[in-house]
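First the structure, in the form of structure tokens, and then the observations on it.
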Amino acid sequence: MSENKQVKTNRDRYNERLKAKYPDKEFADDEAVFGQINEDYEHYDQELAGYQEREKSLSDLFSSNPRSAAFLTDWRKGEDPIVGMIRKYGDDFKAALEDPEKQEALAAASKEYAERVAQEKDFEEQYQKNISESLTTIEEIQKEEGIDDTEIDNIMEFLIGIMKDAILGKFSKESILMARKALNHDADVAIADHEGEVRGKNTKIKESLRKSKQGDGMPMLNGQNGSVSEKRKPKTMFDLANEAM
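Under this note's numbering, the first residue of the sequence shown carries the number 121, and numbering increases by one thereafter.
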């Protein structure tokens, strides 16, 4: 028996590639498919233009200074770059060290290098100190809040994601709303406490009004000659509010 094989068309194969590359997108019709093709071509053109620009810059550099091309070629093949620079630019180094004008520029470059190294060392020391304190803080929070390792890993991953996005100038809606909620937390709690206090006072006032209404018009003994006193004087809103305090 001959085996029946399903032959895929070029359209089928391309649709499979699109779905594999963009699993979250739907390509229900030709408009969506060709729209994605157009976007991809624009992206490829931009990348190609960048490659061509960088290639031209290197080509111009190598044309203007053939030694730089030889230096990079040897470096690519595994030669130590310092050795390669001395071997190819030894005379230039010697001339620069003997040139009074170049000595000032070399001194400035050496100072800049030393400052950068010192700054990097300071940053590294601060990082090691801060990360140690942060790990201690994380452990304390886990114990106090009963947070397991999986949840704390998710929390730290979320925070690191925010940090990376911030470096790239990216601030998502989720991050902004989270920051807003955190900044307004104390104010929201204070408002809720105040509203609860006001509701409690209003409840007391309503209860006092209810009791006062039930007592209005009831005769009371004056205590003198056994005569009936006049109707009790109604309480004002100020009186009820003071009783509720």
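All C-beta atoms, glycine included, are put in the ideal place defined by N, C-alpha and C. It should be emphasised that the depicted structure is a prediction, and the values quoted were computed from it without experimental measurement.
- Can you round the beta-carbon distance between GLY204 and ASP194 to whole angstroms, since I take them to be within the 8 Å contact cut? Indexing the sequence shown from 1 puts residue 204 at position 84. Indexing the sequence shown from 1 puts residue 194 at position 74. Right, their Cβ atoms sit about 5 Å apart.
- Query: What separation, rounded to the nearest whole angstrom, lies between the Cα atoms of GLU136 and GLU167?
  - Reply: Reading the sequence shown from its first residue, position 16 is the one you call residue 136. Reading the sequence shown from its first residue, position 47 is the one you call residue 167. Approximately 24 Å, taken between the alpha carbons.
- Item | Cβ-based burial, PHE191 [other Cβ within 10 Å; buried from 16] | As a position in the sequence shown, residue 191 is number 71, starting the count at 1. With 16 or more other Cβ atoms within 10 Å, it is buried.
- Message: Quick check: the Cα distance between ASP268 and GLY281, rounded to an integer number of angstroms?
- Response: Taking the sequence shown and counting its residues from 1, one reaches residue 268 at position 148. Taking the sequence shown and counting its residues from 1, one reaches residue 281 at position 161. Cα to Cα, ASP268 sits roughly 20 Å from GLY281.
- Task: Since I believe GLN156 is in contact with TYR142 (beta carbons under 8 Å), could you give me their beta-carbon distance rounded to a whole number of angstroms?
- Result: As a working note, residue 142 is residue 22 in the sequence shown. As a working note, residue 156 is residue 36 in the sequence shown. With a Cβ gap of about 7 Å, TYR142 and GLN156 count as contacting.
- If you draw a straight line from the C-alpha of MET276 to the C-alpha of ILE251, how long is it? Working through the sequence shown from its first residue, we reach residue 276 at position 156. Working through the sequence shown from its first residue, we reach residue 251 at position 131. If you take the alpha carbons of MET276 and ILE251, they lie about 12 Å apart.
- Straight-line CA distance for ARG174 to LYS208? Indexing the sequence shown from 1 puts residue 174 at position 54. Indexing the sequence shown from 1 puts residue 208 at position 88. So the two alpha carbons sit approximately 24 Å from each other.
- Between which two residues does the alpha helix (DSSP H) harbouring THR129 extend? The residue labelled residue 129 in the question sits at position 9 within the sequence shown. Note, THR129: premise wrong, no alpha helix (DSSP H); not H, not E.
- Item | Limits of the unbroken alpha helix (DSSP H) element including ASP273 | Position 153 of the sequence shown, counting from 1, holds the residue named residue 273. Start and end: 269 to 287.
- Item | Inter-residue spacing [alpha-carbon to alpha-carbon] between ASN342 and ASN304 | For the purposes of this step, residue 342 is identified with residue 222 of the sequence shown, where counting begins at 1. For the purposes of this step, residue 304 is identified with residue 184 of the sequence shown, where counting begins at 1. Residue placement at ASN342 cannot be trusted, given a pLDDT of 48 that sits under 50; what the coordinates show is reported in the next sentence. Cα-Cα distance, rounded: 59 Å.
- Message: Output needed for GLN344: all residues of its chain with C-beta closer than 6 Å, excluding positions within five of it in sequence on either side, in chain order.
- Response: Locating residue 344 in the sequence shown gives position 224, counting from the first residue. Annotation note: pLDDT 47 at GLN344 (below 50); position unreliable, no value reported.
- Message: I'd like the span of the alpha helix (DSSP H) that includes LYS176, first residue to last.
- Response: One-based indexing of the sequence shown puts residue 176 at position 56. Looking at the DSSP string, the run of the alpha helix (DSSP H) that includes LYS176 is 150 to 184.
- Boundaries of the alpha helix (DSSP H) in which LYS222 is found, first to last residue: The residue given as residue 222 occupies position 102 in the sequence shown. Element bounds for LYS222: 220 to 265.
- Span of the alpha helix (DSSP H) around LYS301: Locating residue 301 in the sequence shown gives position 181, where the first residue counts as 1. That run of the alpha helix (DSSP H) goes 293 to 303.
- Less than 8 Å separating the beta-carbons of MET202 and PHE213? Position 82 of the sequence shown, counted from the first residue, corresponds to residue 202. Position 93 of the sequence shown, counted from the first residue, corresponds to residue 213. Inspection of the sequence shows that residue 202 is occupied by Ile rather than by Met. In this structure, PHE213 does not lie closer than 8 Å to ILE202 by Cβ.
- Task: Give the secondary structure of GLY198 by DSSP, where H, G and I count as helix, E and B as strand, and everything else as coil.
- Result: Start at 1 with the first residue of the sequence shown, and residue 198 comes out as number 78. It is coil, neither helix nor strand.
- Under 8 Å between C-beta atoms of ALA228 and LYS222: Along the sequence shown, read from residue 1 onward, the residue named residue 228 stands at position 108. Along the sequence shown, read from residue 1 onward, the residue named residue 222 stands at position 102. Cβ atoms of ALA228 and LYS222: not closer than 8 Å.
- Message: Please state whether the Cβ-Cβ distance between GLU159 and ALA152 is less than 8 Å.
- Response: Taking the sequence shown and counting its residues from 1, one reaches residue 159 at position 39. Taking the sequence shown and counting its residues from 1, one reaches residue 152 at position 32. Not in contact: GLU159 and ALA152 (Cβ atoms no closer than 8 Å).
- Excluding the 5 residues preceding and the 5 following GLN262 in the sequence, name in chain order all residues of the same chain whose CB lies nearer than 7 Å to its CB. Along the sequence shown, read from residue 1 onward, the residue named residue 262 stands at position 142. So the list reads ILE272, once near-sequence residues are dropped.
- Excluding the five sequence neighbours on either side, which residues of its own chain have a C-beta within less than 8 Å of the C-beta of THR129, listed in chain order? Your numbering for residue 129 matches position 9 in the sequence shown. So the list is empty, once near-sequence residues are dropped.
- Item | Separation of GLU260 from LYS241, as counted between CA atoms | Counting from 1 along the sequence shown, the entry for residue 241 is found at position 121. Counting from 1 along the sequence shown, the entry for residue 260 is found at position 140. The straight-line gap from Cα to Cα measures roughly 29 Å.
- Pairwise C-alpha distance: ASN274 and ASP200: For this step, residue 200 is matched to residue 80 along the sequence shown. For this step, residue 274 is matched to residue 154 along the sequence shown. Cα to Cα, the separation comes out at about 43 Å.
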